[in-house]
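**Q** The opening position of the sequence shown corresponds to residue 1 in the working numbering, with each subsequent residue numbered one higher. Starting off with a structure, shown below.
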Amino acid sequence: MLTDALADLLPRFTTREAASPERFPAENLAELYAAGIVAAPFPAALGGSGASAEEAVAAVLAIATVSPSTALIASMPLGLAGAISAPPGFAPPAWRASFGEQCERIAAAYGRAELYAACNSEKGAGGSLDAITTLAAQAPDGGDYHLSGEKILATGGKHATVFFSTAKLPGDAPAGGPNVEFFLVDAHGPGVTILDDWDGFGMRPTESQSVRYDGAAGELLGFPGFLAAVQPTHYWFMLFAAIPLGCAGAILRALSTPAPSSPAVRLRLSEATMRYEAMRAYLRETARAWEYGASPAYRMRVLRTKTYVAQEATKLAAELFALSGGRHYRATSPVARAFADSFAGTALRPPLPLALDTLIEQFEPFAGE
Numbered sequence: 001m002l003t004d005a006l007a008d009l010l011p012r013f014t015t016r017e018a019a020s021p022e023r024f025p026a027e028n029l030a031e032l033y034a035a036g037i038v039a040a041p042f043p044a045a046l047g048g049s050g051a052s053a054e055e056a057v058a059a060v061l062a063i064a065t066v067s068p069s070t071a072l073i074a075s076m077p078l079g080l081a082g083a084i085s086a087p088p089g090f091a092p093p094a095w096r097a098s099f100g101e102q103c104e105r106i107a108a109a110y111g112r113a114e115l116y117a118a119c120n121s122e123k124g125a126g127g128s129l130d131a132i133t134t135l136a137a138q139a140p141d142g143g144d145y146h147l148s149g150e151k152i153l154a155t156g157g158k159h160a161t162v163f164f165s166t167a168k169l170p171g172d173a174p175a176g177g178p179n180v181e182f183f184l185v186d187a188h189g190p191g192v193t194i195l196d197d198w199d200g201f202g203m204r205p206t207e208s209q210s211v212r213y214d215g216a217a218g219e220l221l222g223f224p225g226f227l228a229a230v231q232p233t234h235y236w237f238m239l240f241a242a243i244p245l246g247c248a249g250a251i252l253r254a255l256s257t258p259a260p261s262s263p264a265v266r267l268r269l270s271e272a273t274m275r276y277e278a279m280r281a282y283l284r285e286t287a288r289a290w291e292y293g294a295s296p297a298y299r300m301r302v303l304r305t306k307t308y309v310a311q312e313a314t315k316l317a318a319e320l321f322a323l324s325g326g327r328h329y330r331a332t333s334p335v336a337r338a339f340a341d342s343f344a345g346t347a348l349r350p351p352l353p354l355a356l357d358t359l360i361e362q363f364e365p366f367a368g369e
């Protein structure tokens with residue numbers, strides 16, 4: 001289990017988080033790469049351990065309990081490793097060799113601890129692929145694409161080696177989905193400008209800057225139709241849900257150590273523990289059922305799980321923060337930082353209104369299992 005491999009790392013993460021809570025967690029990430037955590041979803045032949053989606057969720061949750069920013073940054077390449085570990089049969093026959101070669105190159109980059117970071121969000125898009133405005137135009141010779149557009153919340157900012165970004169292709173959208181693909185972009189290549197505008201309420205060490213693409217070279221991730229065939233975004237949704245849950249767990253642990261003397265407070269913490277454990281079980285059960293090219297019914301379950309866990313975990317974090325008392329009402333308090341981190345980004349990926357609208361539009365009556 002990945003959580004066993006994390007056992008020696010988490011105490012050091014805790015110490016660093018306390019000493020430099022707003023600094024980019026480079027040391028933490030280096031240790032996660034060295035321990036094989038980030039590459040774990042890859043098969044053994046590519047240097048991974050074939051870790052399941054459930055194991056990846058459990059690892060992100062454990063990291064988030066001591067360093068939410070580290071968990072958010074690590075979830076991006078961890079999710080990418082999970083997404084591109086789809087069986088070769090998902091790729092069209094003409095693309096299988098190049099897809100396999102691309103996976104090998106990315107796995108080798110992970111071995112060098114290169115940070116593959118998400119650079120997908122756009123102002124006004126609200127998390128919808130249909131609203132993506134970044135364009136990808138392919139070179140006349142049929143080689144690389146060139147991306148133009150603006151992104152926000154690019155995890156890692158200048159610390160990233162490669163951004164994986166969504167962009168819209170020219171032409172009409174195929175039946176059943178937007179004409180959008182993922183592209184790999186050299187974070188420091190020509191046509192890429194990383195701004196210095198991150199000032200988040202929480203998750204401050206993530207350096208989630210805005211990025212401008214002006215004809216930046218982009219390599220198609222996977223193969224044409226990768227998003228529609230593999231449904232990789234749902235893998236990330238589950239990882240993202242683990243982060244606010246980890247924030248709530250961090251506050252719960254802080255308020256429970258040592259055990260409070262007040263019976264009333266102990267009762268409140270016992271109730272909070274039950275809520276935390278129920279959310280954790282729900283998330284892990286959903287992750288346990290992960291499969292590539294998931295059915296619409298499973299995709300809706302992931303969206304329900306992600307929306308519910310993120311929403312309820314953030315609510316629990318707020319309630320626990322209110323319970324924590326005046327000594328934690330300081331910007332330097334670990335409890336206050338965990339509370340702020342629970343609200344930052346992950347609870348809004350996809351944004352709650354979009355998620356709820358989708359759940360309403362595609363509601364199906366409960367039929368049991």
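The beta-carbon is built from N, C-alpha and C at its ideal position, and this holds for glycine as well.
Would you call the region 139-151 and the region 212-219 touching, i.e. three or more CB-CB distances under 8 angstroms?
**A** A contact exists between the region 139-151 and the region 212-219.
**Q** Can you tell me which of Met274, Gly218 and Ala294 puts its alpha carbon nearest to the alpha carbon of Ala167?
**A** For the purposes of this step, residue 167 is taken as the residue at position 167 of the sequence shown. It is Gly218 whose Cα lies nearest to the Cα of Ala167.
**Q** Round the Cβ separation of Pro88 and Gly100 to the nearest angstrom and send it over; I've been treating them as touching at under 8 angstroms.
**A** As a working note, residue 88 is residue 88 in the sequence shown. As a working note, residue 100 is residue 100 in the sequence shown. Correct: roughly 6 angstroms between the Cβ atoms.
**Q** Pick helix, strand or coil for Gly50, following the three-state DSSP scheme.
**A** Taking the first residue of the sequence shown as 1, we reach residue 50 at position 50. Coil.
**Q** Need the endpoints of the alpha helix (DSSP H) that Ala97 sits in, please.
**A** Walking along the sequence shown from the start, residue 97 turns up at place 97. First-last of the alpha helix (DSSP H) with Ala97: Arg96 to Gly111.
**Q** Would you tell me roughly how many angstroms separate the C-alpha atoms of Phe339 and Ala272, rounded to the nearest one?
**A** The count along the sequence shown starts at 1 and reaches residue 339 at position 339. The count along the sequence shown starts at 1 and reaches residue 272 at position 272. Roughly 15 angstroms between the two C-alpha positions.
**Q** Tell me which residues share the same chain as Leu10 and place their Cβ nearer than 7 angstroms to its Cβ, disregarding the 5 neighbours each side in the sequence.
**A** Stepping through the sequence shown from its first residue, residue 10 is reached at position 10. The residues are Ala62 and Val66.
**Q** Mind checking Thr257: buried by the 16 CB within 10 Å criterion, or exposed?
**A** Your numbering for residue 257 matches position 257 in the sequence shown. With fewer than 16 other Cβ atoms within 10 Å, it is exposed.
**Q** If we call anything under 9 angstroms between Cβ atoms a contact, is Pro92 one with Phe223?
**A** Within the sequence shown, numbered from 1, the residue matching residue 92 stands at position 92. Within the sequence shown, numbered from 1, the residue matching residue 223 stands at position 223. Result yes, Cβ atoms of Pro92 and Phe223 sit closer than 9 angstroms.
**Q** What ranges does the alpha helix (DSSP H) occupy inside the region 222-274, keeping only unbroken runs of at least 4 residues that lie completely in it?
**A** 226-230 and 233-256, all fully within the region 222-274.
**Q** If you draw a straight line from the C-alpha of Ala86 to the C-alpha of Ala229, how long is it?
**A** Along the sequence shown, one-based indexing puts residue 86 at 86. Along the sequence shown, one-based indexing puts residue 229 at 229. Their backbone Cα atoms lie some 10 angstroms apart in a straight line.
**Q** Just verifying my parser: in three-state terms, what is the DSSP assignment at Lys168?
**A** Translated into positions along the sequence shown, residue 168 becomes position 168. Here Lys168 sits in strand by DSSP.
**Q** So the alpha helix (DSSP H) Tyr308 belongs to, where does it begin and stop?
**A** On the sequence shown, residue 308 is found 308 positions in, with the first residue counted as 1. Element bounds for Tyr308: Pro296 to Ser324.
**Q** Do you know offhand how far Pro365's Cα is from Gly36's?
**A** For the purposes of this step, residue 365 is taken as residue 365 along the sequence shown, with counting starting at 1. For the purposes of this step, residue 36 is taken as residue 36 along the sequence shown, with counting starting at 1. Pro365 and Gly36: Cα-Cα distance of roughly 42 angstroms.
**Q** Based on the DSSP output, what are the partners of Lys151 in its beta bridges?
**A** Indexing the sequence shown from 1 puts residue 151 at position 151. Partner(s): Val211.
**Q** Name the residue from Val180, Glu27, Asp141 and Val309 whose alpha carbon lies nearest to the alpha carbon of Met370.
**A** Here the chain covers residues 1 to 369 and nothing more, so residue 370 does not appear.
**Q** Note the first and the last residue of the continuous beta strand (DSSP E) segment covering Thr193.
**A** For this step, residue 193 is matched to residue 193 along the sequence shown. It spans Val192 to Ile194 - the beta strand (DSSP E) in which Thr193 sits, taken as one unbroken run.
**Q** Is it right to say Tyr329 is buried, meaning 16 or more other beta carbons lie within 10 angstroms of its own, or is it exposed?
**A** Translated into positions along the sequence shown, residue 329 becomes position 329. Result: exposed.
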